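**Student:** To get the numbering used here, take the position in the sequence shown, counting from 1, and add 3. Even for Gly, the Cβ is constructed at its ideal location relative to N, Cα and C. All figures in this text were calculated on a predicted structure; none of them were measured in a lab. Please see the structure below; I have some questions.
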Amino acid sequence: MNSEFVRQMRAEKLKARHKKAILVPLGFLAFQLLWALWQISSTEPQALSDGYMMFFYQLPPMNAIMLPLMLSVIASRICDMEVKGDTMKILFTLQKRAGFFDCKYLTCVKYLLVFVTGQGIMLPLLGSIYHFGSMKLSLYLLYLLVTLTVSAVILCIQQLLSLLSQNQILPLGVGIAGCFLGLFSMFFPAPAARLVLWGYYAVFACVGMNWDSEINKILGYYEIPFPAASFVLFLAAGALIYLICRTIIQKKEV
């Protein structure tokens, strides 16, 4: 079984070789880096001592706007060969359907890890260059964990849509709609916001901001206690979503 799985993963690597899917996370990382540099240039030098807190507050909404689109593009690039070539029937005679979905998903997750790792390097690098001050390690790790897990669940849904759709416009449209839903969910009441998967980057944010509307001045950032119980429930729901998506592909008529 292990050798079969390794063989399937090698096959997925070969199929993705000419897709240039690595350019997708790198492109989104480059955009976020340019945005971060613009944000730093428009911030008062004395305020950069709270630079890490500023980015832990601002990056979750930015991820909610950008990452659904990035994930839909990655899933589309990795899955379009089987859809366009109508080769799924042949593949299902050569390998197990569950293994097919698992290998596709792990291939997509590889590109997600490139993005999350890039963010993980970008933050301390900017902090050391622009003297952000000290960074709280727990906030840093929680931010990366939330970014990875929420993206992994969304990626699972996007992969299912890409495998079911003959035309990749539908999955890409869902990704674009997720960007808008993730953004607008931040203005919803808390119970309604929890119904929007694409907004969970902000739901699990660990930094808030004090704002004085009368003098139009940010007073500072503060740490929000991490909702560990809600996060565990989210992980359980994410595992259930994965199993459902996997089962749908297993039972798909080809």
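From ALA33 to VAL27, what distance separates their C-alpha atoms?
**Tutor:** Here the question's residue 33 lines up with position 30 in the sequence shown. Here the question's residue 27 lines up with position 24 in the sequence shown. Approximately 10 Å, taken between the alpha carbons.
**Student:** Assuming the contact rule is C-beta atoms closer than 8 Å, PRO173 and TRP201 should be a hit. Round their C-beta distance to whole Å, please.
**Tutor:** Along the sequence shown, one-based indexing puts residue 173 at 170. Along the sequence shown, one-based indexing puts residue 201 at 198. Before going on, a small fix: residue 173 reads as Leu here, not Pro. That pair is no contact at about 16 Å.
**Student:** Would you kindly work out how many angstroms separate the C-alpha atoms of THR150 and LEU238, rounded to a whole number?
**Tutor:** Here the question's residue 150 lines up with position 147 in the sequence shown. Here the question's residue 238 lines up with position 235 in the sequence shown. Rounded to the nearest angstrom, the two C-alpha atoms are 13 Å apart.
**Student:** Which runs of the alpha helix (DSSP H), 4 residues or longer, sit entirely within the stretch 187-216?
**Tutor:** Counting only runs of 4 or more, we get 193-196 and 203-206.
**Student:** Is the separation between the beta-carbon of ILE244 and that of LEU72 shorter than 8 Å?
**Tutor:** Taking the sequence shown and counting its residues from 1, the one referred to as residue 244 is at position 241. Taking the sequence shown and counting its residues from 1, the one referred to as residue 72 is at position 69. Going by C-beta atoms, ILE244 is not nearer than 8 Å to LEU72.
**Student:** Please go through the stretch 113-167 and give each complete alpha helix (DSSP H) segment of 4 or more residues, from N-terminal end onward.
**Tutor:** Qualifying alpha helix (DSSP H) stretches, in chain order: 140-167.
**Student:** Using the C-alpha atoms, what's the distance from SER141 back to LEU148?
**Tutor:** Within the sequence shown, the letter at position 145 stands for residue 148. Within the sequence shown, the letter at position 138 stands for residue 141. Cα to Cα, the separation comes out at about 10 Å.
**Student:** Taking the alpha helix (DSSP H) that LEU243 falls in, what are its first and last residues?
**Tutor:** One-based indexing of the sequence shown puts residue 243 at position 240. Start and end: 231-253.
**Student:** Report the rounded CA-to-CA distance for ILE251 versus TYR224, giving the unit in angstroms.
**Tutor:** Along the sequence shown, one-based indexing puts residue 251 at 248. Along the sequence shown, one-based indexing puts residue 224 at 221. So the two alpha carbons sit approximately 44 Å from each other.
**Student:** Our contact map puts SER165 next to CYS82 with C-beta atoms below 8 Å; I'd like the distance itself, whole angstroms only.
**Tutor:** Counting from 1 along the sequence shown, the entry for residue 165 is found at position 162. Counting from 1 along the sequence shown, the entry for residue 82 is found at position 79. Going by Cβ atoms, the distance from SER165 to CYS82 rounds to 4 Å, so yes, they are a contact pair.
**Student:** For GLU226, write down the residues that DSSP places opposite it in a beta bridge.
**Tutor:** One-based indexing of the sequence shown puts residue 226 at position 223. The partner list for GLU226 (beta bridge, DSSP) reads VAL210.
**Student:** Pick from GLU226, LYS113, ILE68 and VAL156: whose alpha carbon is nearest that of LYS139?
**Tutor:** By 1-based counting over the sequence shown, the position of residue 139 is 136. If we check each option's Cα against that of LYS139, GLU226 comes out closest.
**Student:** Would you grab the beta carbon distance between LEU129 and ALA39 for me? Rounded to a whole angstrom, and I think it's under 8 Å.
**Tutor:** Counting from one through the sequence shown, the residue named residue 129 turns up at place 126. Counting from one through the sequence shown, the residue named residue 39 turns up at place 36. Yes, they are in contact, since the Cβ atoms of LEU129 and ALA39 sit about 6 Å apart, within 8 Å.
**Student:** Looking at the secondary structure, which residues open and close the alpha helix (DSSP H) in which GLN42 lies?
**Tutor:** Taking the first residue of the sequence shown as 1, we reach residue 42 at position 39. Looking at the DSSP string, the run of the alpha helix (DSSP H) that includes GLN42 is 26-44.
**Student:** Straight-line CA distance for GLY181 to LYS255?
**Tutor:** The count along the sequence shown starts at 1 and reaches residue 181 at position 178. The count along the sequence shown starts at 1 and reaches residue 255 at position 252. Distance between the alpha carbons of GLY181 and LYS255: 25 Å.
**Student:** By Cβ distance, which residues of its chain are closer than 7 Å to TYR133, with the 5 residues on each side in sequence left out?
**Tutor:** If you number the sequence shown from 1, residue 133 lands on position 130. Closer than 7 Å at the Cβ level, and outside the excluded window around TYR133, lie ILE43, LEU51 and GLY54.
**Student:** Could you give the DSSP three-state label for LYS107: helix, strand or coil?
**Tutor:** The count along the sequence shown starts at 1 and reaches residue 107 at position 104. In this structure, LYS107 counts as helix in the three-state DSSP scheme.
**Student:** Measure the Cβ-Cβ separation of ILE77 and ALA155 and say whether it is below 8 Å.
**Tutor:** Numbered from its first residue, the sequence shown carries residue 77 at position 74. Numbered from its first residue, the sequence shown carries residue 155 at position 152. Going by C-beta atoms, ILE77 is not nearer than 8 Å to ALA155.
**Student:** With DSSP as the reference, label ALA19 as helix, strand or coil.
**Tutor:** Here residue 19 refers to the residue found at position 16 of the sequence shown. Three-state result, ALA19: coil.
**Student:** Quick one: Cα of LYS22 to Cα of VAL9, how far?
**Tutor:** Residue 22 sits at position 19 when you count from the first residue of the sequence shown. Residue 9 sits at position 6 when you count from the first residue of the sequence shown. Each residue's Cα considered, the two are about 20 Å apart.
**Student:** So, helix, strand or coil for GLN61, using DSSP?
**Tutor:** The count along the sequence shown starts at 1 and reaches residue 61 at position 58. Helix at GLN61.
**Student:** Closer than 6 Å by C-beta to VAL117: which residues in its own chain qualify, once you throw out the five before and the five after it? Chain order, please.
**Tutor:** The residue labelled residue 117 in the question sits at position 114 within the sequence shown. Closer than 6 Å at the Cβ level, and outside the excluded window around VAL117, lie PRO28.
**Student:** Less than 7 Å between C-beta atoms, sequence neighbours within five positions excluded: which residues of the same chain meet that for LEU145?
**Tutor:** The sequence position of residue 145 within the sequence shown is 142, counting from 1. Same-chain partners within the cutoff: CYS209 and PHE229.
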